[in-house]
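Protein chains in written order, with this note's numbering: chain A, 5 to 440; chain B, 604 to 653.
All C-beta atoms, glycine included, are put in the ideal place defined by N, C-alpha and C.
Here the structure is a predicted model, which means the values were calculated and not measured.
Only one structure is covered here, and it is reproduced in the block below.
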Amino acid sequence: MIHVFSYHDKRYIYDTGSGALHECDDATARYLKGEPVEISDEELKETVEAIEGLRREGLLDAPETQARPIKSPEVKALCLHVSHDCNLRCRYCFADEGAYHSVREVMSFETAKAAIDFLLRESGNRKVLEVDFFGGEPLMNFDVVKRTVYYAKEEAAKLGKRFLFTTTTNGLLLDDETVAFLNEEMENVVLSVDGRKEVHDAVRKTVNGKGSFDAVIGKIKQFVKARGDKHYYVRGTFTAKNLDFSKDVLFLADNGFDSISLEPVVTDIPDLQIREEHLPTIEAEYEKLCDEYIRREAEGRGFLFFHFHVDLEGGPCLAKRVSACGAGNEYFSVVPNGDIYPCHQFAGDAAWRMGNVFEGKLDGRLREKFARSCLFTRKKCGDCFAKFICSGGCSANNYHYSGDIDEPYPMTCVMMKKRIECAMHVLAERKARENS
Amino acid sequence: MIKTIAKPAEKKVTACGECRSTCQSACKTSCTVGNQSCERITREQNIEKK
Numbered sequence: 005m006i007h008v009f010s011y012h013d014k015r016y017i018y019d020t021g022s023g024a025l026h027e028c029d030d031a032t033a034r035y036l037k038g039e040p041v042e043i044s045d046e047e048l049k050e051t052v053e054a055i056e057g058l059r060r061e062g063l064l065d066a067p068e069t070q071a072r073p074i075k076s077p078e079v080k081a082l083c084l085h086v087s088h089d090c091n092l093r094c095r096y097c098f099a100d101e102g103a104y105h106s107v108r109e110v111m112s113f114e115t116a117k118a119a120i121d122f123l124l125r126e127s128g129n130r131k132v133l134e135v136d137f138f139g140g141e142p143l144m145n146f147d148v149v150k151r152t153v154y155y156a157k158e159e160a161a162k163l164g165k166r167f168l169f170t171t172t173t174n175g176l177l178l179d180d181e182t183v184a185f186l187n188e189e190m191e192n193v194v195l196s197v198d199g200r201k202e203v204h205d206a207v208r209k210t211v212n213g214k215g216s217f218d219a220v221i222g223k224i225k226q227f228v229k230a231r232g233d234k235h236y237y238v239r240g241t242f243t244a245k246n247l248d249f250s251k252d253v254l255f256l257a258d259n260g261f262d263s264i265s266l267e268p269v270v271t272d273i274p275d276l277q278i279r280e281e282h283l284p285t286i287e288a289e290y291e292k293l294c295d296e297y298i299r300r301e302a303e304g305r306g307f308l309f310f311h312f313h314v315d316l317e318g319g320p321c322l323a324k325r326v327s328a329c330g331a332g333n334e335y336f337s338v339v340p341n342g343d344i345y346p347c348h349q350f351a352g353d354a355a356w357r358m359g360n361v362f363e364g365k366l367d368g369r370l371r372e373k374f375a376r377s378c379l380f381t382r383k384k385c386g387d388c389f390a391k392f393i394c395s396g397g398c399s400a401n402n403y404h405y406s407g408d409i410d411e412p413y414p415m416t417c418v419m420m421k422k423r424i425e426c427a428m429h430v431l432a433e434r435k436a437r438e439n440s
Numbered sequence: 604m605i606k607t608i609a610k611p612a613e614k615k616v617t618a619c620g621e622c623r624s625t626c627q628s629a630c631k632t633s634c635t636v637g638n639q640s641c642e643r644i645t646r647e648q649n650i651e652k653k
């Protein structure tokens, strides 16, 4: 299958079978879409020959290999909800402002230790394991985070394995001690900031109902400065209140952050919810951001926007691309009492409880459901050009929209496809600069 | 006119499962496999750079 699309005056062809991206002229794009083409016979002949040449090379209309999804029984990652409590009260929080629709509590070290033991035991021959400290606000339970990291490293070393740790934090509790620890031990740190002060403060409130921007921005800047060249993301959320979100991404870049992610809110709060009528504005906003992104990169002051990075050359193999995200099969969330869920987005929903780290076994029926889920069970994705890049989207989003983890959420699809087209244009412009 | 911008590097190994869990990267809501890189290719490139 090919996807022919325009970005301003540029025309591109993305071949889903081979994963190749081509740039072409308007006549070729029109010809491939079956539209009338007003060119000379000689030009038409050249166009057809060029198309046939790519077909022969397997870079156009390439067959889509029915790769087998990777469905190993080895567990590779856990999201540890070390704190079901938070020191902020963000209006849009999917986690019920940290409490996950239950009591506010933190995870004990005994539970965290049992979770690490569970992961080590279930990881089979896998050498590299991942643990993400999540909340609520994980730094509200910093002592357990520290002890868990030291315990996990010690136990992994005995088995010839190693851990990659991530922490997601709102930054409020960053101080000399936490900064030093996170920079030493965390392979990645995700810091929550929504962008401009007025945007951030409208939704990310303290327990006392005040905006939290002034309390966190300085700390997060200091943290990133101290982090050096280690991985981090400043990660924000946009809502219906800031559909001009490109300004927030650029605000973050202007404040010295060079690794940025901004995600559409997932909520049903009426004044914040992204609705279908917002989509044209959101698509235009991604283009606006993309144009400025390319301009800055060309001027040598580029930054990384998570969704504009699509690795067409060194990206994952096809088997990985059809395997979906791995939640519920190779990746699980563990909440403070040790209960296991497919991922953080399902946490607290009794219907999706898969076991407990102290029991040490998983609900076979639910695990089988997730193990079976892959691009090929997501029937609506079959004729979508983005399928080998998004793998059918987020199971939790799909479920919350339709009641079925295999039914894609159409709003997400529209945004995803736009971001992918932007990412491909970014790549083409970068290559053009490199070649000139 | 057609110009190839990018095509996938030939994979020496597929389905090795070394790649990071998709949901462990940045966003926790719409992380996608396409935003990831192959761990093996990245590792080999890093070795070559060194």
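8 angstroms Cβ cutoff, residue i in contact with chain B
i               : result
E317 of chain A : yes
C28 of chain A  : yes
F310 of chain A : yes
R325 of chain A : yes
A331 of chain A : yes
P274 of chain A : no
H313 of chain A : yes
T32 of chain A  : yes
Y335 of chain A : yes
C347 of chain A : yes
E134 of chain A : yes
A302 of chain A : no
A230 of chain A : no
C321 of chain A : yes
C394 of chain A : yes
A184 of chain A : no
Alpha helix (DSSP H) segment containing residue i, residue limits
i               : result
H235 of chain A : No alpha helix (DSSP H) contains H235 of chain A, which is instead part of the beta strand (DSSP E) from 235-242.
K150 of chain A : 146-162
T32 of chain A  : 30-36
F392 of chain A : 391-394
E189 of chain A : 180-189
A81 of chain A  : Unbroken run through A81 of chain A is the beta strand (DSSP E), 81-85; no alpha helix (DSSP H).
T115 of chain A : 113-126
S250 of chain A : 250-258
N439 of chain A : 414-439
H7 of chain A   : Per DSSP, H7 of chain A belongs to no alpha helix (DSSP H); it is in the beta strand (DSSP E), 6-11.
Test: residue i CB closer than 8 angstroms to a CB of chain A
i               : result
K652 of chain B : no
R623 of chain B : yes
N638 of chain B : yes
From the options, residue whose alpha carbon lies closest to that of residue i
i               : options                        : result
E287 of chain A : A:P412, A:T210, A:E425         : A:E425
K241 of chain A : A:S250, A:D248, A:L266         : A quick correction: the sequence has Thr, not Lys, at residue 241 of chain A. Residue A:L266 is the option with its Cα nearest to T241 of chain A.
R72 of chain A  : A:C378, A:G318, A:F350         : A:C378
E109 of chain A : A:T271, A:C90, A:D233, A:L163  : A:C90
E301 of chain A : A:I43, A:P268, A:L163, A:E433  : A:E433
E334 of chain A : B:R646, B:S624, B:E642, B:I644 : B:S624
A355 of chain A : A:F362, A:P346, A:V361         : A:P346
F98 of chain A  : A:G352, A:V203, A:G319         : A:G352
Classification of residue i by the beta-carbon crowding that lies within 10 angstroms, buried from 16 upward
i               : result
G140 of chain A : buried
T20 of chain A  : buried
R15 of chain A  : buried
H12 of chain A  : exposed
Q639 of chain B : buried
H105 of chain A : exposed
T173 of chain A : buried
N439 of chain A : exposed
E46 of chain A  : exposed
I273 of chain A : exposed
D147 of chain A : exposed
Element boundaries [beta strand (DSSP E), containing residue i]
i               : result
A54 of chain A  : Looking at the DSSP string, A54 of chain A is not in any beta strand (DSSP E); the run it does join, the alpha helix (DSSP H), is 45-61.
K14 of chain A  : 14-19
Y405 of chain A : First-last for Y405 of chain A: 399-406, but that is the alpha helix (DSSP H), not the beta strand (DSSP E).
V228 of chain A : From DSSP, V228 of chain A is part of no beta strand (DSSP E) but of the alpha helix (DSSP H) over 217-231.
D343 of chain A : 343-345
Cut-off 6 angstroms between Cβ atoms - residues of its own chain near residue i, not counting five sequence neighbours on either side
i               : result
F137 of chain A : L84, V86, V149, T171
F255 of chain A : G199, R200
A160 of chain A : R166, F167
K209 of chain A : R93
V220 of chain A : G175, L176
Same chain only: Cβ atoms within 7 angstroms of residue i, ignoring 5 sequence neighbours per side
i               : result
V153 of chain A : F169, E189
K223 of chain A : G175, L178
C294 of chain A : F312, C426, H429, V430
K324 of chain A : I74
C385 of chain A : L379, K391, G396, P412
G359 of chain A : I344, K365, L366, D367
R371 of chain A : G332, N333, M358
heavy atom of the ligand MG below 7 angstroms from residue i C-beta
i               : result
N333 of chain A : Although the ligand MG was asked about, the structure shown includes no ligands whatsoever.
Contacting residues, own chain, Cβ-Cβ under 8 angstroms from residue i (five flanking each side not counted)
i              : result
L64 of chain A : I6, I17, D19, S22, A24, H26, I55, L58
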